[in-house]
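A short write-up of the structure that comes next.
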Amino acid sequence: HLIRRSITHITKTQFFPAFYAAHQAAITESNIRGGFRGAGLAPFDPENVISKLNIRL
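Numbering of the sequence shown is given in this note's numbering, commencing with residue 310 and proceeding in unit increments.
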């Protein structure tokens, strides 16, 4: 939102309201569910998690 309005610098007192607004917009049920789904945790899928690991023996 700030960058779209060409605001590239904010003060410490302006930071929290901007952070809070961004946090409120981003923390949605669909984003939370998507995060768990992407991690392979819901539905529980251990193979999805293991397949993303970069293991070298």
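Positions of the beta carbon are idealized from the N, C-alpha and C atoms, including for glycine. Note that the structure is predicted; figures quoted are calculated from it, not measured.
Within its own chain, the residues whose Cβ lies closer than 7 Å to the Cβ of Phe-345, once the five positions on either side in sequence are excluded, are Ala-351, listed in chain order. Per DSSP, Phe-324 has no beta bridge partner at all.
Around His-318, the same chain offers no residue with a beta carbon nearer than 7 Å, after the five sequence neighbours per side are excluded.
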